[in-house]
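In my numbering, the protein residues as written are 1 to 261.
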Amino acid sequence: MRVAITGAARGIGFATAKALRDKGAAVVIGDVDEEAVRSAAAELGVTGLRLDVTDRASFQNFLAGSGDYDVLINNAGIMPIGPVLEESEADARRCFDINVHGVMTGTKLALEKFVPAGRGHIVNVASVAGVLPTPGLALYNGSKAAVVAFTEAVRLEVRRHGVHVGAVLPSFTNTELVAGTRSPRGQRNCEPEEIAAAVLSLLARPRPQVVVPARLSPQIRAMPLVPQRVKDLLNRRLGLDTLFLEFDPRARKSYDERIRS
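Next up, the structure:
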């Protein structure tokens with residue numbers, strides 16, 4: 001198995017690359033941060049290439065440099081947070097350019113290779129935020145909801161060609177994305193290695209969607225049937241109504257500067 005992973009210099013992408021490498025896969029990682037991806041590749045003993053997922057030519061070069069890959073993991077993403085009226089137009093466009101259009105571009109480029117071959121696997125890293133809207137997370141919610149819907153539509157379209165497409169939906173995970181925030185009451189954050197394990201599980205047994213942690217999956221499936229007043233009560237009890245509105249901007253400063261650079 002030869003795997004190309006986007007946004008893999010850190011966090012979930014890095015953990016996934018390590019897990020796949022440990023399973024004997026040939027791994028190629030890409031990231032817009034050229035210095036970071038070179039360092040990560042050297043640490044992992046894999047190939048690292050600069051990749052800007054918002055640039056189609058850059059994505060094409062990354063995939064060409066990945067050789068005869070049979071798996072693409074679209075992991076690159078950013079998470080701006082805060083009141084929607086305080087989110088800039090630049091943040092909104094950048095969030096969708098990376099989180100949505102980057103996934104779409106990668107998926108389509110991989111399908112150009114996979115569909116004629118009658119094989120291949122695409123995993124799009126979405127988020128529980130794509131199915132559970134949360135105050136202070138509007139841009140990210142919207143972008144990940146798009147990824148969830150896009151992935152399922154593509155899966156239905158190409159499955160007859162022998163190509164597998166699926167999504168992994170992590171909950172709160174200990175990466176830079178949640179810097180300066182707190183965990184929902186009574187819950188612990190996932191570790192990147194848990195998301196990596198879910199990706200490997202999806203590759204081993206293809207299915208439409210995997211939620212991490214798995215215990216949230218029944219709750220998410222049931223949510224459309226839950227009255228809105230009950231949803232609002234649950235959000236308040238878990239602290240989700242204020243979690244992304246009341247955060248430490250100093251703790252997020254480094255991350256915010258990096259995703260906007």
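Glycine included, every Cβ here is placed at the ideal spot set by N, Cα and C.
For residue i, does the three-state DSSP call read helix, strand or coil?
i             : result
glycine 13    : helix
leucine 245   : coil
valine 131    : coil
valine 163    : coil
proline 80    : coil
arginine 205  : coil
lysine 144    : helix
threonine 105 : helix
leucine 238   : helix
leucine 20    : helix
glycine 65    : helix
serine 39     : helix
threonine 181 : coil
valine 53     : coil
serine 217    : helix
glutamate 87  : coil
serine 261    : coil
proline 227   : coil
Give me the DSSP bridge partner(s) of residue i.
i             : result
isoleucine 29 : Ile5 and Gly48
isoleucine 73 : Ile5 and Val123
proline 170   : Val212
cysteine 190  : Thr173
List the whole-angstrom C-beta distance separating residue i from residue j, where the pair is believed to meet the contact cut-off of C-beta under 8 Å.
i             : j             : result
alanine 4     : tyrosine 69   : 5 Å
leucine 169   : valine 210    : 7 Å
serine 171    : valine 128    : 5 Å
arginine 237  : arginine 185  : 7 Å
aspartate 31  : leucine 51    : 6 Å
threonine 151 : alanine 126   : 7 Å
histidine 121 : leucine 203   : 6 Å
cysteine 190  : valine 212    : 6 Å
asparagine 75 : alanine 26    : Going by Cβ atoms, the distance from asparagine 75 to alanine 26 rounds to 17 Å, so no, they are not a contact pair.
proline 192   : isoleucine 73 : Actually they do not touch by this definition, with Cβ atoms about 13 Å apart.
Alpha carbon to alpha carbon, how far is residue j from residue i? Give it in angstroms, no decimals.
i               : j                 : result
leucine 225     : glycine 45        : 48 Å
methionine 223  : arginine 215      : 14 Å
isoleucine 259  : arginine 252      : 11 Å
isoleucine 29   : lysine 18         : 10 Å
alanine 117     : arginine 155      : 16 Å
serine 39       : leucine 234       : 42 Å
lysine 144      : glutamate 194     : 19 Å
methionine 79   : phenylalanine 247 : 14 Å
asparagine 174  : arginine 10       : 11 Å
phenylalanine 2 : threonine 54      : The amino acid at residue 2 is misidentified as phenylalanine; the sequence shows arginine. So the two alpha carbons sit approximately 23 Å from each other.
isoleucine 81   : aspartate 232     : 20 Å
leucine 240     : glycine 102       : 28 Å
valine 230      : phenylalanine 244 : 20 Å
leucine 177     : valine 115        : 34 Å
Next on the checklist: Under 8 Å, with one C-beta from each stretch per pair, do the stretch 96–107 and the stretch 139–156 reach the 3-pair mark?
Outcome noted: yes
Item to check | Contact between the stretch 82–90 and the stretch 158–172 (3+ Cβ pairs under 8 Å) | outcome: no
Checklist entry - Is there contact here, the stretch 103–114 with the stretch 56–65, by at least three beta-carbon pairs under 8 Å? => result yes
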